[in-house]
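Going by my numbering, the residue at position 89 of the sequence shown is 91; the numbering climbs one at a time, nothing skipped.
Where a beta carbon is used, it is the ideal one built from N, C-alpha and C, also for glycine.
Source: prediction; values computed, not measured.
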Amino acid sequence: MSKAILKQKPARSPEVEEWMKREIEEQRKKYEKIAHEINVKMAEQREKWYREFEQRIQTTGFNWHGDLKRIIKPEEIYPKPDIEHRVVY
């Protein structure tokens with residue numbers, strides 16, 4: 003197909019336009035619900051997971067190459083940023 007053909011879009015019928023509006027609104031509502039669940043309701047649980055992870059890498063370490071393990075010193079832990087945490091998907 004040539005690019006000239008791809009640039010000419012067929013006109014959408016009013017039924018299709020209405021269907022698209024409904025679909026977009028439905029998807030937006032689903033996204034807002036999921037984003038609220040992840041960013042608001044799970045915030046406390048996520049902080050707990052972060053603390054557990056930091057504790058784990060400072061005590062048992064992590065594998066950085068094959069079976070080589072390295073323990074992270076507390077001063078090497080990146081400080082928590084002063085911004086609102088937001089999960090984007």
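Taking residue i as the reference, give the member of the options with the closest Cα.
{"i": "glutamate 92", "options": "His67, Glu25, Ile59", "result": "Since the first residue of the chain shown is 3 and the last is 91, residue 92 is not available in this structure."}
{"i": "proline 83", "options": "Gln47, Glu39, Tyr52", "result": "Tyr52"}
{"i": "threonine 61", "options": "His67, Arg48, Lys75", "result": "Lys75"}
Tell me which residues share the same chain as residue i and place their Cβ nearer than 8 Å to its Cβ, disregarding the 5 neighbours each side in the sequence.
{"i": "lysine 31", "result": "none"}
On the DSSP bridge assignment, give the partners of residue i in chain order.
{"i": "lysine 71", "result": "Asn65"}
With a CB to CB cut of under 7 Å and the five nearest residues on each side skipped, what residues in its chain are close to residue i?
{"i": "isoleucine 79", "result": "Glu56"}
Leaving out the 5 sequence neighbours to the left and right, which residues in its chain are closer than 6 Å to residue i when beta-carbon positions are compared?
{"i": "proline 81", "result": "none"}
Within the segment 39 to 67, note down every full alpha helix (DSSP H) run reaching 4 residues or more, in order along the chain.
Those alpha helix (DSSP H) runs which fall completely within the segment 39 to 67 and span 4+ residues are 45 to 61.
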